[in-house]
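Report on the structure given below.
In the working numbering, the protein residues as written are 178 to 515.
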């Protein structure tokens with residue numbers, strides 16, 4: 178039987194490099210011939226026998242691709258092209274227990290859904306699905322993800338590490354990953370006021386002390402990636418340090434796919450963050466996943482996944498996780514059909 182892999186996918190246009198995805202025709206008699214109902218939405222490039230198609234989306238919309246083999250057997254794939262991926266910042270943060278950090282939500286397709294991977298570590302504040310900020314309270318030491326999912330099914334992930342406050346002075350958050358032209362509010366825990374803040378990397382951003390006795394400071398990032406160090410000193414000349422990493426959001430393209438049981442060669446591209454990247458398959462009943470490598474053909478990092486023939490026909494939520502060297506994380510949903 179002629180199959181198209183993936184049979185459905187969602188991809189956004191706001192990527193660092195050219196948004197690209199690959200589709201495969203299998204199970205029929207080649208060569209294979211492809212057509213699009215709305216060819217103005219994307220460019221389609223085929224290999225010699227039509228068994229692989231490279232799709233480069235250009236405009237938002239819903240694109241139906243029809244594949245026909247030499248016996249005139251047909252099948253289709255539906256690609257949803259969106260303007261923007263959802264975004265959550267800070268995307269990585271380290272905070273002390275009993276502190277609160279504010280996350281900003283943007284882009285994608287509202288309304289949003291938020292959930293945490295471990296409610297024993299962090300707790301969500303009030304959120305109505307349309308707000309652009311949410312407060313998260315650190316409860317206990319450990320690690321948890323804060324996952325933002327938009328109404329189109331695309332996701333953004335923030336990784337939160339909670340530490341027990343053991344020093345006599347600390348900054349919370351003590352580490353954060355932000356995008357360009359973004360900001361984070363830093364607050365002193367304990368210590369003796371007044372406080373004196375120092376930005377050791379002014380070329381990477383601006384530091385603005387705020388609040389009574391300069392208890393807090395806003396770090397506003399600029400346009401350049403890098404790692405900024407912020408130091409606070411209290412009245413006793415005791416110091417604490419926070420490090421702010423500035424990097425582009427980590428993206429996986431496409432962000433969600435539908436594939437048949439037994440499908441092989443599902444191809445994903447990784448952009449943003451700080452390479453090299455690593456892939457983690459959260460449930461080996463799903464199938465297998467390769468590690469991202471730099472493709473000499475596309476000039477981008479790629480990895481592939483295969484669906485086990487016995488994999489349950491359901492939505493495998495966050496089944497593949499991608500990490501960069503700085504701790505940024507992205508996740509992929511795969512809908513398995515039979």
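Ideal Cβ positions, reconstructed from N, Cα and C, are used throughout, including at glycine. Predicted model only: the values in this text are computed from it and were never measured.
Nearest to residue i by alpha carbon, out of the options?
| i | options | result |
| --- | --- | --- |
| residue 453 | 377, 264 and 506 | 506 |
| residue 248 | 210, 358 and 466 | 210 |
| residue 300 | 285, 324 and 204 | 324 |
| residue 376 | 364, 406, 393 and 352 | 406 |
| residue 469 | 200, 394 and 501 | 501 |
| residue 288 | 257, 308, 398 and 441 | 308 |
| residue 362 | 420, 371 and 412 | 420 |
| residue 282 | 276, 305 and 275 | 305 |
| residue 200 | 255, 508, 326 and 238 | 255 |
| residue 326 | 229, 435, 508 and 512 | 508 |
| residue 214 | 237, 228, 232 and 241 | 241 |
| residue 303 | 229, 444, 280 and 231 | 280 |
| residue 364 | 321, 391 and 451 | 391 |
| residue 236 | 229, 216 and 318 | 216 |
| residue 329 | 475, 378 and 185 | 185 |
| residue 402 | 436, 435, 342 and 451 | 451 |
| residue 444 | 511, 387 and 413 | 511 |
| residue 228 | 319, 475 and 442 | 442 |
| residue 430 | 320, 318, 474 and 499 | 499 |
| residue 435 | 473, 513, 234 and 475 | 513 |
For residue i, collect the residues of the same chain with a Cβ closer than 6 Å to its Cβ; drop the 5 residues on either side in sequence, then sort them by chain order.
| i | result |
| --- | --- |
| residue 449 | 193, 425, 426, 427 and 428 |
| residue 400 | 357 |
| residue 204 | 178, 179 and 180 |
| residue 257 | 187 and 239 |
| residue 244 | 181, 202, 209, 211 and 252 |
| residue 411 | 346, 368, 369 and 372 |
| residue 417 | 346, 347, 348 and 409 |
| residue 515 | 438 and 490 |
| residue 440 | 182 and 484 |
| residue 230 | 200, 211, 221 and 223 |
| residue 321 | 293, 294, 295, 298, 299 and 337 |
Looking only at DSSP bridge pairs, what is residue i linked to?
| i | result |
| --- | --- |
| residue 418 | 408 |
| residue 321 | 337 |
| residue 384 | 396 |
| residue 428 | 448 |
| residue 370 | The partner list for residue 370 (beta bridge, DSSP) is empty, contrary to what the question assumes. |
| residue 180 | 203 |
| residue 234 | 219 |
| residue 360 | 397 |
| residue 433 | 187 and 510 |
| residue 332 | 326 |
| residue 376 | 407 |
| residue 245 | 210 and 251 |
| residue 455 | 500 |
| residue 355 | 423 |
| residue 124 | Missing from the structure shown is residue 124; the chain here goes from 178 to 515 and no further. |
| residue 194 | The partner list for residue 194 (beta bridge, DSSP) is empty, contrary to what the question assumes. |
| residue 440 | In DSSP, residue 440 forms no bridge with anything. |
| residue 240 | 256 |
Can you name, in chain order, every residue of its own chain whose Cβ lies under 8 Å from the Cβ of residue i, other than the five neighbours on each side?
| i | result |
| --- | --- |
| residue 331 | 187, 189, 259, 262, 263, 285, 286, 432 and 433 |
| residue 272 | 278, 315, 337, 338, 339, 340, 349, 350 and 351 |
| residue 118 | This structure cannot speak to residue 118, because the chain is shown only from 178 to 515. |
| residue 398 | 355, 356, 357, 358, 359, 360, 381, 382, 405, 421 and 423 |
| residue 504 | 269, 336 and 354 |
| residue 477 | 194, 197, 446, 447, 448 and 471 |
| residue 191 | 260, 261, 262 and 284 |
| residue 378 | 403, 404, 405 and 406 |
Among the residues of its own chain, which have a CB less than 7 Å from the CB of residue i, if the five just before and after it don't count?
| i | result |
| --- | --- |
| residue 466 | 456, 458, 480, 482 and 497 |
| residue 206 | 246, 247 and 248 |
| residue 384 | 374, 376, 394, 396 and 407 |
| residue 275 | 315 |
| residue 487 | none |
| residue 413 | 369 |
| residue 387 | 393, 394 and 395 |
| residue 317 | 274, 297, 298 and 339 |
Point to revise | Every unbroken beta strand (DSSP E) inside the stretch 249 to 329 [3 residues or more] | key: 251 to 259, 263 to 266, 269 to 273, 277 to 284, 289 to 293, 299 to 301, 310 to 315 and 319 to 327
Practice item. Within the stretch 462 to 505, note down every full alpha helix (DSSP H) run reaching 4 residues or more, in order along the chain. Key: none
Check your understanding: Is the stretch 334 to 341 in contact with the stretch 265 to 275, if contact means three or more CB pairs nearer than 8 Å?
Key -> yes
**Study point:** Cβ pair count under 8 Å reaching 3, the stretch 486 to 499 against the stretch 455 to 464
**Key:** yes
**Study point:** Validate contact between the stretch 478 to 485 and the stretch 303 to 312 using beta carbons, cut 8 Å, 3 pairs
**Key:** no
Review point. Does the stretch 209 to 229 come close enough to the stretch 291 to 306 to have 3 or more Cβ pairs within less than 8 Å?
Key: no
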